[in-house]
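Quick note: the sequence shown uses full-length UniProt numbering, first residue 1, plus one each step.
Cβ atoms here follow ideal geometry from the backbone N, Cα and C, with glycine treated the same way.
Computed from a predicted structure; not experimentally measured.
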Amino acid sequence: MALRLFRLMPLRAPLSFFSLTSPFSTNRRREVQEILFKNSKTGFENVHDALHLFDEMLQTRTLFSVINFTQLLVALVKMKQYSVAISMFRKMCALNISVNTYTISTIINCYCQLNLINYGFSMLGVMIKRGFTPNVVTYTVLIKGLDSPVEAGMLFKKLITLNEIEPDVVIYSTIISRLCRRRLVNHALDVFYDMRKDGVDGSVVTYNLLIQGLCEFSRWEEIEWLLREMDSKNISPDVYTSSILVNAYCREGRVEDAENVVRLMIERSEFPNVVTYNALMHGYCLRGEVDGAMAVVSMMKNMGIVPDIVTCGILLDGFCKEKGIDEAMSLFHAMESNGLIPNIYIYSILINGLCIDGQLNKAKNLFDNLSSIGLEADVKTYTMMIRGFCRKGLLDEANELLVQMEAKNCLPDDVTFNILIRGCIQNRKYNEACELKEKMCGPCGRGFSLDAYTTSMVLDVLNTEKDDPSALALRKKFFP
Numbered sequence: 001m002a003l004r005l006f007r008l009m010p011l012r013a014p015l016s017f018f019s020l021t022s023p024f025s026t027n028r029r030r031e032v033q034e035i036l037f038k039n040s041k042t043g044f045e046n047v048h049d050a051l052h053l054f055d056e057m058l059q060t061r062t063l064f065s066v067i068n069f070t071q072l073l074v075a076l077v078k079m080k081q082y083s084v085a086i087s088m089f090r091k092m093c094a095l096n097i098s099v100n101t102y103t104i105s106t107i108i109n110c111y112c113q114l115n116l117i118n119y120g121f122s123m124l125g126v127m128i129k130r131g132f133t134p135n136v137v138t139y140t141v142l143i144k145g146l147d148s149p150v151e152a153g154m155l156f157k158k159l160i161t162l163n164e165i166e167p168d169v170v171i172y173s174t175i176i177s178r179l180c181r182r183r184l185v186n187h188a189l190d191v192f193y194d195m196r197k198d199g200v201d202g203s204v205v206t207y208n209l210l211i212q213g214l215c216e217f218s219r220w221e222e223i224e225w226l227l228r229e230m231d232s233k234n235i236s237p238d239v240y241t242s243s244i245l246v247n248a249y250c251r252e253g254r255v256e257d258a259e260n261v262v263r264l265m266i267e268r269s270e271f272p273n274v275v276t277y278n279a280l281m282h283g284y285c286l287r288g289e290v291d292g293a294m295a296v297v298s299m300m301k302n303m304g305i306v307p308d309i310v311t312c313g314i315l316l317d318g319f320c321k322e323k324g325i326d327e328a329m330s331l332f333h334a335m336e337s338n339g340l341i342p343n344i345y346i347y348s349i350l351i352n353g354l355c356i357d358g359q360l361n362k363a364k365n366l367f368d369n370l371s372s373i374g375l376e377a378d379v380k381t382y383t384m385m386i387r388g389f390c391r392k393g394l395l396d397e398a399n400e401l402l403v404q405m406e407a408k409n410c411l412p413d414d415v416t417f418n419i420l421i422r423g424c425i426q427n428r429k430y431n432e433a434c435e436l437k438e439k440m441c442g443p444c445g446r447g448f449s450l451d452a453y454t455t456s457m458v459l460d461v462l463n464t465e466k467d468d469p470s471a472l473a474l475r476k477k478f479f480p
């Protein structure tokens, strides 16, 4: 909508020389420059403000430099209004407004954010044709935009070989980040070793990326080596380092180790944040120790940290599983009394808790009332409700929800389909299970696959009901 409005905005006639040089124009220019400086760091409150300011700048464009126009583009990027920024840049070029390397790099970033990497490389060509020299920012943006982190690494090495860039810690960390996000930790470590060979020291961000990547695989010896290396280079771990470790320890059930990290943080006057405490709470809840999680909440409050919606979700989930739905509902009402506004994440936990407790009608009422409080059920909420119906053998109701979610363009995922198929098998609705399997995995299906639990259930049926003709359909469809 904003982009369409922008394209329809007319260009006004240029102002006279007198108006451009009037004291009012000079004062207004200062005001606009202050607005641009501020919003280039945070973004505008809404896109219409940015569009109106751009229109005003076009009428008096001789008063504004390339820096001012670029600040406006950067503000739009902060707002994730990438298409608007690109259209604005095109209008600037059509009016021969000056641009520079940073302006074009900003637009390359917009194309990359929109997954239009080819257009990003085209803009690189435009930059070179205009006589500008791409810098490390330009190439970092392009490397980030490449879908394959391996391709990004190859481009990076090629640029170094051609002496196009002087690699720094930012670009190395960008490559490491891309590789770790794809779980290619060995490749990330190779890049880290190359960085050290090139004489570039890693920052705390670099080490955090590697530590987080290694935590995904519980490679604790290498994590300890990285922590020792940080210490030898006088790089102090920050709150993110500690939060990564707390989260990793808790996932493995090592809550005592996680507590030691928190204690060490406080001793170093590096105070844990809400993310750290949430991870510790989750660790207790995973072990079924809800009272321990509540003790963490008390610790948070003593440290002056306000629990957030994630804190509440972790506690509610723990209460549903360990203390029962009634206590969970009491906690939910207490949260509301303290001014915390529940979102779909919170309601999904409650709906799931009610379903597990067998209170399907209450769960359905809560589900049906979501729209009246301004919330839309997401795929997880629908799936939880479908699971509740399947547990009770109410397959018609479960399938109605499947139709409803698809009609609302909330597409079911592989978890949804696996739950429905298991529900059909448990209730001996083998033909319906075959139809769902076709919809899920067939040539015209969604490209999902059966999970181990569903596969095991099908095999059990085939072994125990060999003589049942209806079970033969399962064999043909599931194991052709």
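In chain order, what residues of the same chain have a beta carbon less than 8 Å from the beta carbon of residue i, not counting five sequence neighbours either side?
i	result
GLY131	none
ILE314	ASN278, MET281, HIS282, CYS285, ALA293
LEU142	ILE108, CYS112, ILE117, GLY120, PHE121, LEU124, LEU155
ILE344	LEU370, LEU375, GLU376, ALA377, ASP378, THR381
SER203	VAL169, SER173, ILE235
GLU336	PRO342
GLU406	PRO412
GLU259	LEU280
VAL185	LEU179, LEU210, GLY213, LEU214, GLU216, PHE217, ARG219
Starting from the C-beta of residue i, find all residues in its chain whose C-beta is less than 6 Å away, skip the five residues before and the five after it, and write them out in chain order.
i	result
LYS477	CYS434, LYS437
ASP413	VAL379
ILE223	ILE211, LEU214
LEU73	ALA85, THR106
ASN100	VAL66
TYR240	ASN208
PHE367	ILE351, MET385
GLY339	none
GLU327	PHE319
Suppose contacts are defined by Cβ-Cβ distances below 8 Å. Is residue i in contact with residue j by that definition?
i	j	result
THR140	THR174	yes
ALA398	GLY358	no
LEU114	TYR82	yes
GLN71	PHE37	yes
ILE425	VAL458	yes
ALA377	CYS410	yes
ASP190	LYS233	no
ILE346	CYS320	no
ALA473	LEU462	no
GLU252	SER218	yes
LEU360	GLY324	no
residue 481	LEU450	Because the chain here runs from 1 to 480, residue 481 falls outside it and cannot be looked at.
SER297	THR311	For the sequence presented, residue 297 should be read as Val rather than Ser. Result yes, Cβ atoms of VAL297 and THR311 sit closer than 8 Å.
THR464	ILE421	no
PRO149	ARG196	no
Counting only C-beta atoms, is residue i closer than 8 Å to chain C at any point?
i	result
ILE344	Here there is only one protein chain, and chain C is not present.
If you compare alpha carbons, which of the options is closest to residue i?
i	options	result
VAL261	VAL170, THR276, ARG251, LYS301	THR276
HIS187	TYR347, ILE176, GLU400, ARG196	ILE176
ASN273	VAL255, PRO307, GLY288	PRO307
TYR382	GLY374, ASP396, LYS392, LEU401	LEU401
ARG182	GLU256, GLY199, LYS321, LEU146	LEU146
ASN39	THR133, THR26, CYS180, LYS78	LYS78
ARG475	LYS439, GLY447, TYR430	TYR430
PHE64	SER98, LYS41, LEU76	SER98
residue 535	LEU226, GLU166, GLU221, TRP220	Residue 535 is absent from the structure shown; the chain starts at 1 and stops at 480.
PRO469	ILE128, ILE35, ARG428	ARG428
GLY288	GLU267, ARG268, LEU264, LEU316	LEU316
ARG446	VAL169, LYS80, THR416, CYS390	THR416
SER342	ASP326, GLY318, ILE373, GLU327	The identity of residue 342 in the sequence shown is Pro, whereas the question assumes Ser. The shortest C-alpha separation from PRO342 is found at ILE373.
LEU58	GLU34, CYS93, THR42	CYS93
THR26	HIS333, LYS129, THR62, GLU336	THR62
VAL137	ILE104, GLU151, VAL185	ILE104
THR42	ALA75, LYS80, PHE479, ASP257	ALA75
MET265	LYS157, LEU95, ARG391, PRO237	PRO237
Kindly list the residues whose CB is nearer than 7 Å to the CB of residue i, restricted to its own chain and excluding five residues on each side of it in sequence; keep chain order.
i	result
ALA248	CYS215
ASN135	THR101
ASP198	PRO167
ALA363	ILE351, LEU354, CYS355, MET385, GLY388
PRO23	Because the pLDDT of PRO23 is 45, which lies under 50, any placement of that residue in the model is unreliable, and the question is left without a value.
ASP257	TYR249
Counting only runs of 4+ residues fully inside the stretch 122-192, write out the alpha helix (DSSP H) ranges in chain order. 136-145, 149-161, 169-181
Which parts of the stretch 31-60 are runs of the alpha helix (DSSP H), unbroken and 4 residues or longer, counting only runs that do not cross its ends? 47-59
Does the pairing of the stretch 238-250 with the stretch 196-208 give three or more beta-carbon distances under 8 Å? yes
Just list the alpha helix (DSSP H) runs in the stretch 287-353, keeping only unbroken ones of 4 residues or longer that don't cross its boundaries, in chain order. 290-302, 309-322, 325-337
Alpha helix (DSSP H) runs contained entirely in the stretch 72-99, provided each spans 4 or more residues: 82-94
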